[in-house]
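Asks: Shown below is the structure under consideration.
There are 2 protein chains.
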Amino acid sequence: MRQLFVARDGKLRGRWEKAFPGALAVRQVGDLAPLVVAEAQIVWMDNTGRDSADFLAGVREAVGCGYRVVVMTPTPSEADAFRALSTGAVGYCHLESAPEQLREIALVVEHGGLWMLPELVQRLMALSLRAVPTPAAGPPQLNDLTPRELMVAERVAHGASNREIAEDLDITERTVKAHMSIIFEKLGVRDRVQLALAMNNIPTYATVN
Amino acid sequence: MRQLFVARDGKLRGRWEKAFPGALAVRQVGDLAPLVVAEAQIVWMDNTGRDSADFLAGVREAVGCGYRVVVMTPTPSEADAFRALSTGAVGYCHLESAPEQLREIALVVEHGGLWMLPELVQRLMALSLRAVPTPAAGPPQLNDLTPRELMVAERVAHGASNREIAEDLDITERTVKAHMSIIFEKLGVRDRVQLALAMNNIPTYATVN
DNA sequence: CCCCTTACTGTCCTTAAGTACAATGCCGTT
DNA sequence: AACGGCATTGTACTTAAGGACAGTAAGGGG
């Protein structure tokens, strides 16, 4: 039981069974508790007629449980795809994908890859480039940071507190602060919030310099 | 001969041969004409010490020839990854990836998938979300926030301090704090750093919940 | 009119954050 | 050997943040 399809109806069940003979289950939309028992590796979720927020919550839940989630949609949309993937899904395909296609996707996803409609890949990359204000150089001037400082900065970029960083790196909170002060100066930010944003290429009031 | 490694030196050749016994070639950096003959399916390109523009030109050329290009780098960087992928590469991994890892990547790429460092996937999607004019649903559950709270949250998302927000909205710093407390609770974050990141669709340690 | 939500503010108080001034040990270069 | 960069930690101090507890005022709906 490696494939689990979650959909409102089973119209396409035949197709799915053809793609993964004897290795799938089909569930109606509902709570995901039984999934834990199902030992499914990949959860295919059909968003047909689902409320966006509800659906994404379901995706998040499944992802949180450690499953690889592939979203299937009858009407592919760019924004929809990005929302799904940013929620943790690792695949975004057409609901009516052919069995062979489904197997390809399963293969990719099982091995840590990301699968989405080819057109979307291009779009995604183009958009990302636009979103990354740094045309030539890397993110900020992270090159100026020492390895250790970078480790601290990265953790701040993920919302960690000084204490957490200290425990994580097995050093004193005082030392973390020392690194922080230097990082602030080097990157030209004034506090951890701006650092976190800068690390994620997000402009701040101060970054405007 | 399905794997072709293009690098400046062959230090890691042993590793690559272990990953793809008898099915690879290693070439020095140079013109790609011989590639056409090589019948390689996947071209792995090491960008160590290469000029960014030059390197990307090489990637573009290989992509244009119909090869799946995987970029290998000793120093993974977000902007670098996006540039590589938007140029047409379908993989972005660490130069020193283990043989098993390389095989996984090859498998993913061969089947039309996209492979990149897990951290980067998250970042990529978050960035895209910001670039896309998020049509209907906002990022988090911003719908739960009152208009005023949203104003405060948006300013925090740009790195503003409580005082700045207070002056900006012409209210007391105390009031800002009051809003903040409610925002934290509503969005399930613990401090302004995580709020700032959440507002920008960037996952944090706490967001995982 | 009463209730609830939203917005706003006050006073304490605790703690996280950040700075100032040092100091020690390691390592690589000159 | 001397010097500088890096990582580490200490004490002490200042300030921003955030929570606890409480209170006022406006506005919409039952």
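Protein chains in written order, with the working numbering: chain G, 45 to 253; chain P, 45 to 253.
Even glycine gets a Cβ: it sits at the ideal position worked out from N, Cα and C.
(1) With three or more beta-carbon pairs closer than 8 Å as the criterion, would you say the stretch 133-145 of chain P touches the stretch 114-129 of chain G?
(2) Is residue 218/P helix, strand or coil when you go by DSSP?
(3) Please report how far the alpha carbon of residue 99/P lies from the alpha carbon of residue 207/G, in whole angstroms.
(4) Is residue 211/P close to chain G? Criterion is C-beta to C-beta, closer than 8 Å.
(5) Under 7 Å Cβ to Cβ from residue 191/G, same chain only, skipping five residues before and after it: list those, please.
(6) Give a yes or no on whether 8 Å exceeds the smallest Cβ distance from residue 129/P to chain G.
(7) Are the beta-carbon atoms belonging to residue 63/P and residue 194/P less than 8 Å from one another?
(8) To be precise: take each residue of the stretch 147-158 of chain P, compare its Cβ to all Cβ atoms of chain G, and keep it if any distance is under 7 Å. Which residues remain?
(9) Is residue 231/G close to chain P? Criterion is C-beta to C-beta, closer than 8 Å.
(10) Just verifying my parser: in three-state terms, what is the DSSP assignment at residue 46/P?
(11) Rounded to whole angstroms, what's the CA-CA distance from residue 162/G to residue 103/G? Just pull it up for me.
(12) Find the residues of chain G that neighbour residue 256/P, judging by a C-beta separation of less than 8 Å, and give them in chain order.
(13) Check the DSSP bridge columns for residue 88/P and list the partner residues they point to.
(14) Counting only beta-carbon separations shorter than 8 Å, does residue 56/G have a partner in chain P?
(15) Alpha carbon to alpha carbon, how far is residue 225/G from residue 238/G?
(16) Residue 244/P versus chain G: which residues are under 8 Å apart at the beta carbon?
(17) Whose C-alpha, out of 167/G, 164/G, 166/G and 157/G, is nearest the C-alpha of residue 164/P?
(18) Here's the rule I'm using: 16 or more other beta-carbon atoms within 10 Å means buried, otherwise exposed. How should residue 247/P be labelled?
(19) Specify, as a first and last residue, the run of the alpha helix (DSSP H) that residue 236/P falls within.
(20) Let me know the beta strand (DSSP E) ranges lying completely inside the stretch 113-159 of chain P, each 3 residues or longer, listed in chain order.
(21) Tell me which same chain residues have a C-beta within less than 8 Å of the C-beta of residue 61/G, skipping the five on either side of it?
(22) By how many angstroms is the C-alpha of residue 149/P removed from the C-alpha of residue 142/P?
(23) Please name the residue in 151/P, 111/P, 91/P and 203/P whose C-alpha comes closest to that of residue 48/P.
(24) Going by C-alpha to C-alpha distance, which of 236/G, 97/G and 94/G sits closest to residue 204/G?
(25) What's the C-alpha gap between residue 229/P and residue 209/P?
(26) Suppose the cutoff is 7 Å on Cβ atoms and the five residues either side in sequence are ignored; what does the same chain contact list for residue 244/G look like?
(27) In terms of alpha-carbon separation, which member of 188/G, 211/G, 168/G and 88/G lies closest to residue 232/G?
(28) What does a CB cutoff of less than 6 Å around residue 71/G pick up in its chain, not counting 5 residues either side in sequence?
(29) Since residue 71/G is in the beta strand (DSSP E), which residue starts that stretch and which ends it?
(30) Note down the Cα distance separating residue 56/P from residue 241/G, rounded to an integer number of angstroms.
(31) Is it the case that the Cβ atoms of residue 92/P and residue 118/P are separated by a distance below 8 Å?
Replies: Let me lay it out:
(1) With the rule of 3 Cβ pairs closer than 8 Å, the stretch 133-145 of chain P does not count as touching the stretch 114-129 of chain G.
(2) Stepping through the second sequence from its first residue, residue 218/P is reached at position 174. Looking at residue 218/P - three-state DSSP - the assignment turns out to be helix.
(3) Here residue 99/P corresponds to residue number 55 of the second sequence, with the count starting at 1. Here residue 207/G corresponds to residue number 163 of the first sequence, with the count starting at 1. Roughly 41 Å separates the two Cα atoms.
(4) In the second sequence, residue 211/P corresponds to position 167, counting from 1. Residue 211/P does not count as touching chain G.
(5) The residue you call residue 191/G lines up with position 147 of the first sequence. Nothing meets the Cβ criterion.
(6) For this step, residue 129/P is matched to residue 85 along the second sequence. Taking Cβ atoms only, chain G reaches closer than 8 Å to residue 129/P, which makes this a yes.
(7) On the second sequence, position 19 is the one that residue 63/P refers to. On the second sequence, position 150 is the one that residue 194/P refers to. No, these two residues do not count as a Cβ contact at 8 Å.
(8) Result list: 148, 151, 152, 155, 156, 157 and 158.
(9) Here residue 231/G refers to the residue found at position 187 of the first sequence. Chain P, which has no Cβ nearer than 8 Å to the Cβ of residue 231/G, makes this no.
(10) Here residue 46/P corresponds to residue number 2 of the second sequence, with the count starting at 1. DSSP places residue 46/P outside both helix and strand once states are collapsed to three, so it counts as coil.
(11) The count along the first sequence starts at 1 and reaches residue 162/G at position 118. The count along the first sequence starts at 1 and reaches residue 103/G at position 59. Those two C-alpha atoms are separated by around 22 Å.
(12) There is no way to answer for residue 256/P, as the model of chain P reaches only from 45 to 253.
(13) The sequence position of residue 88/P within the second sequence is 44, counting from 1. Bridge partners of residue 88/P: 49/P and 114/P.
(14) Counted from its first residue, the first sequence places residue 56/G at position 12. Among the residues facing chain P, residue 56/G is not included, as its CB has no counterpart in that chain under 8 Å away.
(15) If you number the first sequence from 1, residue 225/G lands on position 181. If you number the first sequence from 1, residue 238/G lands on position 194. Distance between the alpha carbons of residue 225/G and residue 238/G is about 13 Å.
(16) By one-based count along the second sequence, residue 244/P stands at place 200. The contacting residues are 241, 244 and 246.
(17) The residue given as residue 164/P occupies position 120 in the second sequence. Ranked by how close their Cα comes to the Cα of residue 164/P, the residues 167/G, 164/G, 166/G and 157/G have 157/G in first place.
(18) Position 203 of the second sequence holds residue 247/P. Result: buried.
(19) On the second sequence, position 192 is the one that residue 236/P refers to. Residue 236/P -> alpha helix (DSSP H) spans 236-243.
(20) DSSP runs (the beta strand (DSSP E)) wholly in the stretch 113-159 of chain P: 135-138.
(21) Here residue 61/G is taken as the residue at index 17 of the first sequence, counted from 1. A distance below 8 Å between beta-carbons, with the five flanking residues on each side excluded, links residue 61/G to the following residues of its chain, in chain order: 68.
(22) Counting from one through the second sequence, the residue named residue 142/P turns up at place 98. Counting from one through the second sequence, the residue named residue 149/P turns up at place 105. Using only the alpha carbons, I get a separation of about 11 Å.
(23) For the purposes of this step, residue 48/P is identified with residue 4 of the second sequence, where counting begins at 1. It is 111/P.
(24) Against the first sequence, residue 204/G aligns to sequence position 160. Of all alpha-carbon atoms in 236/G, 97/G and 94/G, the one lying nearest the alpha-carbon of residue 204/G is that of 236/G.
(25) Translated into the one-based positions of the second sequence, residue 229/P becomes position 185. Translated into the one-based positions of the second sequence, residue 209/P becomes position 165. Using only the alpha carbons, I get a separation of about 19 Å.
(26) Here residue 244/G refers to the residue found at position 200 of the first sequence. Answer for residue 244/G: 201, listed in chain order.
(27) Position 188 of the first sequence holds residue 232/G. It is 188/G.
(28) In the first sequence, the residue the question calls residue 71/G occupies position 27. The answer, listed in chain order, is 50.
(29) As a first step, residue 71/G must be located in the first sequence, where it is residue number 27. From DSSP, the beta strand (DSSP E) with residue 71/G extends over 68-71.
(30) For this step, residue 56/P is matched to residue 12 along the second sequence. For this step, residue 241/G is matched to residue 197 along the first sequence. About 36 Å.
(31) By 1-based counting over the second sequence, the position of residue 92/P is 48. By 1-based counting over the second sequence, the position of residue 118/P is 74. For residue 92/P and residue 118/P, yes; Cβs fall inside 8 Å.
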